[in-house]
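Take 1297 as the starting number for the sequence shown in this note's numbering and just add one per residue.
First comes the structure, then the notes that go with it.
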Amino acid sequence: MAQFRSEPVAVFKESSFKPGEWLKFRVHYGIFNASYATLHLTSDTLGTTPVYHVVGTGKTTGLASIFFKVDDRYESYFGRTDGRPYRFIRKINEGGYTRDVEINFDYTQKKAFYHDKKKDEKMQFDIGYSIQDLISAFYFLRNTYEVSDLVIGQSLKLKMLFDDDGILNFRLKFLGVETLKTKFGKVECLKFRPIVQSGRVFKEEESLSLWVSNDKNKIPIRIQADLMVGSIKADLEAYNSLKHQFKMIID
1297 MAQFRSEPVA VFKESSFKPG EWLKFRVHYG IFNASYATLH LTSDTLGTTP VYHVVGTGKT
1357 TGLASIFFKV DDRYESYFGR TDGRPYRFIR KINEGGYTRD VEINFDYTQK KAFYHDKKKD
1417 EKMQFDIGYS IQDLISAFYF LRNTYEVSDL VIGQSLKLKM LFDDDGILNF RLKFLGVETL
1477 KTKFGKVECL KFRPIVQSGR VFKEEESLSL WVSNDKNKIP IRIQADLMVG SIKADLEAYN
1537 SLKHQFKMII D
């Protein structure tokens, strides 16, 4: 079973992304074109540490914003060579449910310092070298799995921290290769199923499916989920500054 090591990860041989990469997704909730979400990657430094800085945003539009307003912003600062997160920020407003959280990761102390700014609550979590936040995990996975090592039915594993629930054991099950029809044409994808917590948002542990381009970019093409109420689907709408050529099938 594919599993990431707990000891330091070597410098990535060839990154799947570069600074400037920008991805935009159109999100559908039922019959509504509910919102747009974006991910923008840049280079930065945090203290003396060279990092990538990712800003992810999501906002409802049109009729959907009348019934359920969403205004989310996520940020992650993670190492350019090791992929470790150093700072994670989560500011969300989802139908009146708000969070304003910052987590700073200190690998010298082997601690993660959690600060809920809305409640003015602070917590500490013990961490090892192998930890990811909700956003950095996406980029870490893109740079660490090899397609040739994937086995249908087996899972990629990592430890994740992004909320006061503590460190979660995240699993990403590989389901095989599938071709999707998109606005860009046919795209060969790797299909995964993240194992999520059931009962709060999702109907079941395996309610979420993810399709990633089967090329060197490994970018999300579609995300689909069955929720406790309704279903949601997000499709890649636009992209810019990919490091590698976006591979499409020519009939």
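Each residue gets a CB set at the ideal place from its N, CA and C atoms; glycine is no exception.
Predicted, not measured: the structure shown is a model, and the values here were computed from it.
Rounded C-beta distance between residue i and residue j? I'm assuming under 8 Å.
i, j, result
"ILE1431", "GLY1352", "6 Å"
"LEU1454", "ILE1463", "In fact, because the Cβ distance is near 10 Å, the residues do not count as touching under 8 Å."
"LEU1504", "PHE1321", "With 8 Å as the limit, LEU1504 and PHE1321 do not qualify as a contact, their Cβ atoms being about 15 Å apart."
"LYS1387", "SER1537", "Contact flag wrong, Cβ pair sits at about 25 Å."
"ARG1467", "ILE1448", "About 15 Å; that fails the 8 Å criterion."
For the beta strand (DSSP E) containing residue i, list its first residue and its last residue.
i, result
"TYR1325", "1318 to 1325"
"LYS1453", "1451 to 1456"
"GLU1390", "1381 to 1390"
"VAL1483", "1481 to 1490"
"VAL1508", "1504 to 1509"
So what's residue i in DSSP terms, helix, strand or just coil?
i, result
"LYS1539", "coil"
"VAL1347", "strand"
"ARG1467", "strand"
"VAL1443", "helix"
"TYR1403", "coil"
"ASP1460", "coil"
"LYS1413", "coil"
"PRO1315", "coil"
"ILE1546", "coil"
"GLY1424", "coil"
"PHE1374", "strand"
"ILE1448", "coil"
"THR1357", "coil"
"ASP1429", "coil"
"ILE1515", "coil"
"GLU1474", "strand"
"LYS1418", "strand"
"LYS1365", "coil"
"GLU1533", "strand"
"VAL1397", "strand"
Answer yes or no: do residue i and residue j have a C-beta to C-beta separation smaller than 8 Å?
i, j, result
"ASP1429", "LYS1414", "no"
"GLN1420", "ALA1433", "no"
"ALA1333", "GLY1316", "no"
"SER1312", "ARG1438", "yes"
"TYR1373", "PRO1381", "yes"
"LYS1479", "SER1509", "no"
"VAL1350", "THR1341", "no"
"LYS1482", "THR1475", "yes"
"ILE1519", "CYS1485", "no"
"TYR1435", "GLY1379", "yes"
"ILE1546", "LEU1319", "no"
List the endpoints of the continuous alpha helix (DSSP H) containing residue i.
i, result
"ARG1438", "1432 to 1440"
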